[in-house]
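Peer 1: The structure's right below; bear with me while I get my questions together.
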């Protein structure tokens, strides 16, 4: 659900680069990579509404995987150009992630996975997650010129 179809269109299509599959006055379906739709938004019961208050249930965030670091860098460049704020950026060892909120204050994680042979393992060979910073300037330097 969304409060404003135009606003989510401008964000998910204009900034994040999703493709419009179907757009109606009260609904929008978008995709990445030719699938019939990855995300659907509507205003059927939420037009002009406000985000749920803190302390209520709901998704923590939706994770959107980019195919590689260069593609994530392009996403970051578009966010920077749009002056869209990040909530954070973390290198988890297995992947690098950018955290932000969409126009309806839904949490998003934009990330790319490192190849599994580069994932951090403990002495027993079990996967470990780390929480280091992402070098955002280095990431931006990898963004394609047309991003």
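Residue numbers (my numbering): 11 to 157. Glycine included, C-beta positions come from ideal geometry on N, C-alpha and C.
Look up residue 41 in the DSSP assignment and give the residues it is bridged to.
Peer 2: Per DSSP, 29.
Peer 1: Taking the alpha-carbon positions, what's the residue 75 to residue 29 distance?
Peer 2: Each residue's alpha carbon lies about 15 angstroms from the other.
Peer 1: For residue 73, which residues does DSSP report across the bridge?
Peer 2: In the DSSP output, where bridge partners are listed per residue, residue 73 has 119.
Peer 1: Residue ranges of each beta strand (DSSP E) run of no fewer than 3 residues wholly in the region 49-119, ordered along the chain?
Peer 2: 49-52, 72-76, 96-101 and 105-111, all fully within the region 49-119.
Peer 1: What is the rounded straight-line gap between the Cα of residue 35 and the Cα of residue 141?
Peer 2: Computed Cα separation, rounded: 42 angstroms.
Peer 1: Cα separation between residue 132 and residue 20?
Peer 2: Whole-angstrom Cα-Cα distance: 43 angstroms.
Peer 1: Thinking residue 150 and residue 90 are a contact (beta carbons under 8 angstroms), I'd like their distance in whole angstroms, please.
Peer 2: Yes, residue 150 and residue 90 are in contact; Cβ-Cβ is about 7 angstroms, under 8 angstroms.
Peer 1: Just grab the DSSP bridge partners of residue 137 for me.
Peer 2: Bridge partners of residue 137: 131.
Peer 1: State the Cα-Cα distance for the pair residue 102 and residue 17, rounded to the nearest angstrom.
Peer 2: Cα-Cα distance, rounded: 31 angstroms.
Peer 1: In the DSSP assignment, what residue or residues form a beta bridge with residue 142?
Peer 2: DSSP output for residue 142 lists 101 as bridge partner(s).
Peer 1: I'd like to know if the region 33-48 and the region 80-96 are in contact, where contact means that at least 3 CB-CB pairs between them fall below 8 angstroms.
Peer 2: Judged by Cβ distances under 8 angstroms, the region 33-48 makes no contact with the region 80-96, as fewer than three pairs qualify.
Peer 1: Report the residue from 53, 33, 61 and 23 whose alpha carbon sits nearest the alpha carbon of residue 115.
Peer 2: Ranking 53, 33, 61 and 23 by Cα distance to residue 115 puts 61 first.
Peer 1: In its own chain, which residues sit with a C-beta less than 8 angstroms from the C-beta of residue 77, not counting the 5 before and 5 after it?
Peer 2: Once the five neighbours on either side are set aside, the close Cβ partners of residue 77 are 122.
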